[in-house]
Each structure stands twice: as C-alpha cells, then as structure tokens.
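Read left to right, the sequence shown gives residues 56 to 133 (my numbering).
We treat Cβ as the ideally placed atom computed from N, Cα and C, and that holds for glycine.
All remarks here apply to the structure that follows.
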Amino acid sequence: MKENHIRFSTIIEPGELSIEPDLIKTVCLNLLDNARKAVGGNARISLKGHPVERGYQFIIEDNGCGMETNELSKIKEA
C-alpha cells in the first residue's frame, strides 16, 4: 500500500457563528475528506477561517488537480 504524506495547516481567527455545531463539523469534515482524496503525493491542505461582514468564512484549499468546469456547477447539489 502506497503511503501518502499530507501537510495540513490551519489558520482560524476568533469569531462567532450562529449555526448547529454538528452541521458545520460535518460540512468541514466532508470538504477536508474530498480534499484528501483529490491530492496525490507531496500533498498540502489548509483550513482557514475568518470573520466577514455578515458572518464567518471558511476556506479549504489543496494542491490537487482541481475540478472540471462542468463539475463546479454541481457542487451545491445535494
């Protein structure tokens, strides 16, 4: 079995959220798992969070191959 090495970093700024904790946990874990599946060797995944004007913004980035344009339009589908 091939080993994958992933460098994971976080930068989370303090802020307030009015959201169900289990829901945001599930969403973040799902997005992080998708990022993990998309990257190959020498992988980097970052999770950033910061307050914005009317809420809080999470950004999950990786150095994977990205998504096809036609797949991006489906990203919000259940």
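Asked, Found
"For tyrosine 111 and cysteine 73, the rounded distance between their alpha carbons", "Correcting the residue type first, residue 73 is serine in the shown sequence and not cysteine. Taking the straight line joining both Cα atoms gives about 10 Å."
"Spatial distance of serine 101 from glutamate 116 (CA atoms)", "5 Å"
"Own chain residues within Cβ distance below 8 Å of isoleucine 130, not counting five before or after", "Met122"
"Whole-number beta carbon distance between alanine 93 and cysteine 120, since they are thought to touch under 8 Å", "7 Å"
"Inter-residue spacing [alpha-carbon to alpha-carbon] between aspartate 88 and histidine 60", "14 Å"
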